[in-house]
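One structure below.
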Amino acid sequence: MDNDAEMLKRMGTQITDLQVKYRALPLKEQMAVYPALKQLVEDYARYQAKLLMIGVITTEEDLKEVKLLKKAVDSAANQMDLLAAIGKVISFIVVRV
Amino acid sequence: MTHRVHGSWLGLSWVLLVLAVSGCTEEKALALQSAAMQYRDQAVRALALTAYGVRASTAMPARTPDQLADKLKTLDRPIDASTLEFLLTGEAELARAGDVATQPLDALRERVIAFSAIFDNLPRGSYLAKDEVKRAVPIALRMNQSLLNVAAQIDAGTLRIADNPRRIEIIEDTNAAISMPPGEKRDKALQRAALDMVDLSARERQMQMEANANLLQAAEIGNAVIGLARNYDQVALKDVLNALNDALALAGRISPESQSIKRSLARLQGATKAWEEDPVLKPLLAQPIPLNP
Chain A
15 MDNDAEMLKR MGTQITDLQV KYRALPLKEQ MAVYPALKQL VEDYARYQAK LLMIGVITTE
75 EDLKEVKLLK KAVDSAANQM DLLAAIGKVI SFIVVRV
Chain B
244 MTHRVHGSWL GLSWVLLVLA VSGCTEEKAL ALQSAAMQYR DQAVRALALT AYGVRASTAM
304 PARTPDQLAD KLKTLDRPID ASTLEFLLTG EAELARAGDV ATQPLDALRE RVIAFSAIFD
364 NLPRGSYLAK DEVKRAVPIA LRMNQSLLNV AAQIDAGTLR IADNPRRIEI IEDTNAAISM
424 PPGEKRDKAL QRAALDMVDL SARERQMQME ANANLLQAAE IGNAVIGLAR NYDQVALKDV
484 LNALNDALAL AGRISPESQS IKRSLARLQG ATKAWEEDPV LKPLLAQPIP LNP
C-alpha cells in the first residue's frame, strides 16, 4: 500500500472515530460540534477528489503527522477535546487541498 | 450486477446479428453507434457504483426514532426552531458534505455521455462522417485511460470505498457489548459483533470488486470503440461486428475477483499504451493523456 492509500485509510478511520464520539454526545453538544464535523467531512472529500485528480501527493512526513493526529483523536474524551481534535484534523487537511 | 451486464449485452448481440445479415456503410455506422451507446451505459453504471462506494466511506447511519428520543431526553431546555431545523436537516447536510469527493467521477460520467452523443446521427451521415469518427479517437482514448486510472486507484486503495455507516454501527454495538457485565448475554453480543465484522469485511470487498469489474468492462468496450473508430474507413461491416463480439466476450469474462481484475487491468493498460504508440493515432493525440480523470 503506498503513502496516499495509507494516508487516506488513516484519515478515514479517524473520521469514523470522531463520528462515533459525536453520536454519543447529548443533543445540545452535538449541535455545537456539528459545523466542525461537517467541515471536516468536506475537507476530507476534497482531499479524496484531489488524489483522484492528480495522483500521488502524500509524503512520508505527512504519514508521520497523521499518526500523531490519530493519538489526538483517540484521546478526545469530551466536547472540547472533540472540537480540538476535529480542528487539528481540519488544519492538517486544508493545507493539502 | 454481472447478470445485468450480460442481459444488456444480449440485446446488443441481437442488434449485431441483424446488422450482420444486412450489411452496408449505414449498418457499419449503426454498429459503431451501438458500441458507443453500450460503452456509455456500462461506463455510467460503473461510475455510479464507484461514486456510491466513495460517498458511503464518509456517511453516517440514519438516526432511528428511538435514538432521536434518547437525544431529546438529554435536553435541559424547551426545544426551539434552530434545534428542530438541526434535527430535520442536519443529517442530510452532513451526508452531502462528502459529495465533493465524487466530482471527478461525475465529470467523467458527463464526458462519456457527451462522447456517446457524437455518434447519435452517424448512420444518417454514414461514410461522409469518417473524418469526424477518427477525430473522436483521442477523446475515447483519454476517457478510457481515465476509467482505467479509477480502477487502478480502487485497486491501490487511493480511492477509498467503505461502508462507513455499518462501521459506525459495529463499533457502537461492540463497545456496548464490551461494557456489559461478564456472562452469557455479553458473550452472545460479542459473538454477534464478530459475525458482523466478518460480514462487513466481505461486503466492503464486494463493493470494491463490483465497482472495479464494471469499470474494466466499460474500458474493454471502450477499447473496441477506439479500434473501430481508428479503422472506420478501412474495415468491412463483418470486421466491425467481429471486433465488437470479441470485446463483449472479453468484457463478459471480467469478474469481481482479485485475479481477474489484476489481469484485465494489466491487459487493458497495455492496450492503451499500444494505442498511444500507434502511428495512425499519434498525430491525432495532440494533447498529452492525463494520468487521472
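These protein sequences, in sequence, are chains A and B.
Under the working numbering, residues 15 to 111 are what the first sequence spells out, in order.
Under the working numbering, residues 244 to 536 are what the second sequence spells out, in order.
Here a beta-carbon is modelled for each residue, glycine too, at the ideal position from N, C-alpha and C.
- Contact annotation for S300 of chain B against chain A: G26 [CB-CB distance below 7 angstroms, chain order].
- For R403 of chain B, there is no enclosing alpha helix (DSSP H), as DSSP gives it neither H nor E.
- Listed in chain order, the positions of the stretch 415–439 of chain B with a beta carbon within less than 7 angstroms of a beta carbon of chain A are E415.
- Neighbours of I356 of chain B across chain A, judged by C-beta separation under 8 angstroms, do not exist; the nearest C-beta is about 19 angstroms away.
- For G333 of chain B, the enclosing alpha helix (DSSP H) covers residues A324 to R339.
- Of B:G400, B:P366, B:D319 and B:Q281, the smallest CA-CA separation from E463 of chain B is found for B:Q281.
- Using a Cβ-Cβ distance cut-off of 8 angstroms, the stretch 347–358 of chain B and the stretch 485–498 of chain B are not in contact, since fewer than three pairs of beta carbons, one from each stretch, lie closer than that value.
- Where Y282 of chain B is concerned, the enclosing alpha helix (DSSP H) starts and stops at T268 to A299.
- In the three-state DSSP reduction, I497 of chain B falls in the coil class, being neither helix nor strand.
- If you ignore the 5 residues before and after R446 of chain B, its C-beta comes within less than 8 angstroms of the C-beta of D406 and R409, all in its own chain and listed in chain order.
- Residue contact with chain A for G341 of chain B: present (Cβ-Cβ distance below 7 angstroms to some residue of chain A).
- Look at R320 of chain B here: in three-state DSSP terms it is coil, with no helix or strand label.
- Think of a sphere of 7 angstroms around the beta carbon of A19 of chain A: the chain B residues whose beta carbon falls inside it are A399, G400 and T401, in chain order.
- DSSP places A357 of chain B within a helical segment (H, G or I) once states are collapsed to three.
- Close to chain B, meaning a Cβ-Cβ distance shorter than 7 angstroms, are the following residues of the stretch 54–70 of chain A: V55, E56, Y58, A59, R60, Q62, A63, L65, L66, M67, I68 and G69.
- Counting other Cβ atoms within 10 Å of its Cβ, L65 of chain A reaches 16 or more and is therefore classed as buried.
- Straight-line spacing of the CA atoms in D363 of chain B and G465 of chain B works out to 17 angstroms.
- Straight across, the Cα-Cα distance linking L491 of chain B with A360 of chain B is about 21 angstroms.
- M450 of chain B is positioned such that its CB atom lies no closer than 7 angstroms to that of I504 of chain B.
- Using a CB distance cut-off of 7 angstroms, K505 of chain B does not count as an interface residue toward chain A.
- Proximity of chain B to D16 of chain A at the Cβ level (cut-off 9 angstroms) is accounted for by A399, G400 and T401, in chain order.
- In the three-state scheme derived from DSSP, where H, G and I count as helix and E and B as strand, Y61 of chain A is classed as helix.
- Three or more Cβ pairs closer than 8 angstroms define a contact, and the stretch 391–400 of chain B falls short of that threshold against the stretch 301–310 of chain B.
- The beta-carbon of P49 of chain A is placed no less than 7 angstroms from the nearest beta-carbon of chain B.
- E520 of chain B and L337 of chain B have their C-alpha atoms roughly 46 angstroms apart.
- Take K373 of chain B, set aside five residues on each side of it, and the residues of its chain with a beta-carbon closer than 8 angstroms to its own are Y475 and D476, in chain order.
- Close to Q33 of chain A, with beta-carbon spacing below 8 angstroms, are these residues of chain B in chain order: M303, N407 and I411.
- Boundaries for N364 of chain B: no alpha helix (DSSP H) harbours it, and the DSSP string shows neither H nor E there.
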